[in-house]
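K.L.:
Sharing a structure here in structure tokens format.
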Amino acid sequence: MSQYDLHSDFELADLLNQSDEHAFRHLYDKYWEKLYIIASNRLNDTVEGEEVVQDVFLNLWKKRQSFRLTRGFKNYFAVALKYEVINRRAKRVKNHEFQQLLDDSYDDHIATEDFHRFDLELLETQLEYRINQLPTKCRTVFTMSRQSALTNKQISETLQISEKAVEKHITHAIKFLKHHLSHYFTIIFTLVFG
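Have a look at this one:
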């Protein structure tokens with residue numbers, strides 16, 4: 001038993017923020033095999049499955065210092081893996097085959113028993129995942145605007161920046177989220193209205 005087994009997910013996230021390689025290794029050892037099995041099954045390809053899981057962990061390590069955990073690593077990895085698998089599968093198919101791919105993919109189980117069904121709560125987590133990838137100031141402005149419902153003027157006064165800068169950050173955040181979440185709108189529509 002490792003000393004890291006005694007840490008909560010949020011304590012491990014704090015250690016990750018401090019670039020603790022042992023905490024990262026602990027997460028890698030704990031989740032790699034489960035993620036690999038899911039990715040390989042989703043992609044019907046063990047090599048691509050391994051590449052996708054490596055990308056998930058590489059992305060986590062790259063953003064370790066700004067990383068924010070909201071619901072635990074199980075949910076984080078479920079969301080991150082879904083992004084990577086869908087992106088990988090989308091690249092492999094032509095546009096007219098993509099809808100069939102989505103229909104097939106979301107009719108059966110999305111993950112093993114270790115991961116929850118893809119639902120609206122998970123969609124919210126995916127949005128948070130992308131918001132956390134925004135630059136710090138941009139993320140702060142966006143969350144103040146959208147989650148705290150502050151006006152541009154209030155944000156400007158609080159952060160001591162111009163209203164034009166506030167607008168610029170919000171515009172950047174919306175473009176970023178639109179770009180990274182645009183192909184999920186079909187999934188969201190299917191899940192909510194299908």
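Each residue of the sequence shown is one higher than the one before, starting from 1 at the first, in full-length UniProt numbering.
Glycine residues also receive a C-beta, built at the ideal position from the N, C-alpha and C atoms.
Below 8 Å on the Cβ atoms is my guess for F77 versus L35; work out the distance and round it to an integer in Å.
P.N.:
The Cβ separation is near 6 Å, so the contact holds.
K.L.:
Do you know how far the Cα of K137 is from the Cα of Y28?
P.N.:
One C-alpha to the other measures close to 30 Å.
K.L.:
Just how far apart, CA to CA, sit K63 and K153?
P.N.:
The alpha-carbon atoms of K63 and K153 are separated by roughly 31 Å.
K.L.:
Taking three-plus beta-carbon pairs below 8 Å as touching, is the stretch 11-27 in contact with the stretch 51-67?
P.N.:
Touching, yes.
K.L.:
Consult DSSP for Q54 and reduce its assignment to one of helix, strand or coil.
P.N.:
Three-state result, Q54: helix.
K.L.:
Would S156 pass as a contact of S148 if the rule is Cβ separation under 8 Å?
P.N.:
Contact: no.
K.L.:
Going by CA-CA distance only, name the one from V47, R139, L159, L150 that's closest to residue 199.
P.N.:
The question about residue 199 has no answer here: the residues shown for the chain are numbered 1 through 194.
K.L.:
With DSSP collapsed to three states, give me the class of S24.
P.N.:
Just to set this straight, residue 24 is Phe in the shown sequence, not Ser. DSSP places F24 in helix when its eight states are reduced to three.
K.L.:
Taking the straight line between their C-alpha atoms, what separation do you get for I38 and V79?
P.N.:
Those two C-alpha atoms are separated by around 12 Å.
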